[in-house]
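Heads up, the thing below is written out as structure tokens.
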Amino acid sequence: MSKLPLPDLGAYLREQRENAQLSLRQLAELAGVSNPYLSQIERGLKKPSAEILQQIARALQVSAESLYVRAGILDERVTDPNAAADVLSAIAADPVLTERQRAVLVEIYLSFVGESAGEEPETTSRTGRGAATYGRRTSRGGASDATPKEE
């Protein structure tokens, strides 16, 4: 199961949106993205970031991991798919984290597990640590937010 093409992501999103009985405009509003951008994602014209996929997944009440796989951000390289799902689910479910903190943690995690796939390594590969890129966030009353990821 290699990376699926973006049109597959779009078709999957459209299917999930229709199953949820949401219009494109309603989903865009729930996810906090523009209607035209969401339309372009559904048609396979745009590749959304992990943060946007997380917002869409939350609005559709589907697994963000399934969207990451379909977008090619997370692939079969993960030896135990449940491990990645557990990490990403824990981040998504943590009530202490802000939306921005969740998005950053997901980006950092995916940059480490997806580094050889070449998806987003430039933001972290030069430093070797994703938290260094987002260091300004850790001083905001949540110094422990990035600390476990650096171990």
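Mapping of the sequence shown onto numbering that gives the first Met the number 0: position 66 corresponds to residue 65, and the numbering continues sequentially without gaps. All C-beta atoms in this analysis are idealised placements derived from N, C-alpha and C, irrespective of residue type, glycine included. Keep in mind the model is a prediction, meaning the values are calculated, not measured.
Review point. Quick one: what's got a C-beta closer than 6 Å to residue 12's C-beta in the same chain, skipping five residues either side?
Key: Here the set comprises 41.
Review point. Taking the alpha helix (DSSP H) that residue 35 falls in, what are its first and last residues?
Key: Annotation: the continuous alpha helix (DSSP H) that includes residue 35 extends over 34–41.
Point to revise | Endpoints, the alpha helix (DSSP H) within which residue 60 is located | key: Per DSSP, residue 60 is not a residue of any alpha helix (DSSP H), being assigned neither H nor E.
**Study point:** Cβ-based burial, residue 176 [other Cβ within 10 Å; buried from 16]
**Key:** What the structure shows of the chain is the stretch from 0 to 150, and residue 176 is not part of that stretch, so it cannot be assessed.
Review point. Are the Cβ atoms of residue 44 and residue 55 separated by less than 8 Å?
Key: Taking 8 Å as the Cβ cut-off, residue 44 and residue 55 do not qualify as a contacting pair.
Review point. Considering only C-alpha positions, which residue in the set 112, 94, 98, 103 is nearest to residue 84?
Key: The residue among 112, 94, 98, 103 with its C-alpha nearest the C-alpha of residue 84 is 112.
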